[in-house]
Amino acid sequence: MHTIHEKKNLVNRVRRIQGQLSGIEKLLEAGRDEDYAVILQTVASSRGALNGLMSELIEGHLREHVLVSPDGSLADRERALESILGVLKTYLK
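If you read the sequence shown in our numbering, its first letter stands for residue 10, the second for the next number, and so on.
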């Protein structure tokens with residue numbers, strides 16, 4: 010389980026990403042040609058932020074559920090590994 014501090018950091022990252030996406034939406038709605046460079050840069054930044062969030066979540070899951078499982082059984086660790094591999098396959102498509 011993530012600590013309270015880690016959860017707060019993850020939620021703050023999500024909120025920053027939401028802010029970036031809201032900014033993109035506002036710029037697109039404004040429809041000014043001069044904003045397209047800013048829109049493209051913000052989309053790229055948002056993608057990087059999402060990738061960073063995904064990386065942190067994967068790392069936490071691997072450390073907490075694959076490296077160590079509640080009862081320490083190999084079967085639990087294998088299930089956790091299969092779960093994250095499925096997510097990775099979907100994410101990387």
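The beta carbon of each residue, even a glycine, is placed where N, CA and C say it ideally should be.
Residue Leu90 holds the alpha-carbon nearest to the alpha-carbon of His74 among Leu62, Gly61, Leu59 and Leu90. C-alpha of Leu71 to C-alpha of Gly57: approximately 21 Å in a straight line. Going by DSSP, Leu19 is part of the alpha helix (DSSP H) stretching over Ile13 to Ala39. Spanning the alpha carbons of Ser82 and Leu76 requires a straight line of approximately 11 Å. Between Leu36 and Asp44, the C-beta gap is smaller than 7 Å, which places the two residues in contact. Leu101 sits in coil when the DSSP states are folded into three classes, being neither helix nor strand. Residue state for Ser54 is assigned as helix, using DSSP reduced to three classes.
For the pair Val96 and Leu66, the Cα-to-Cα distance works out to about 11 Å.
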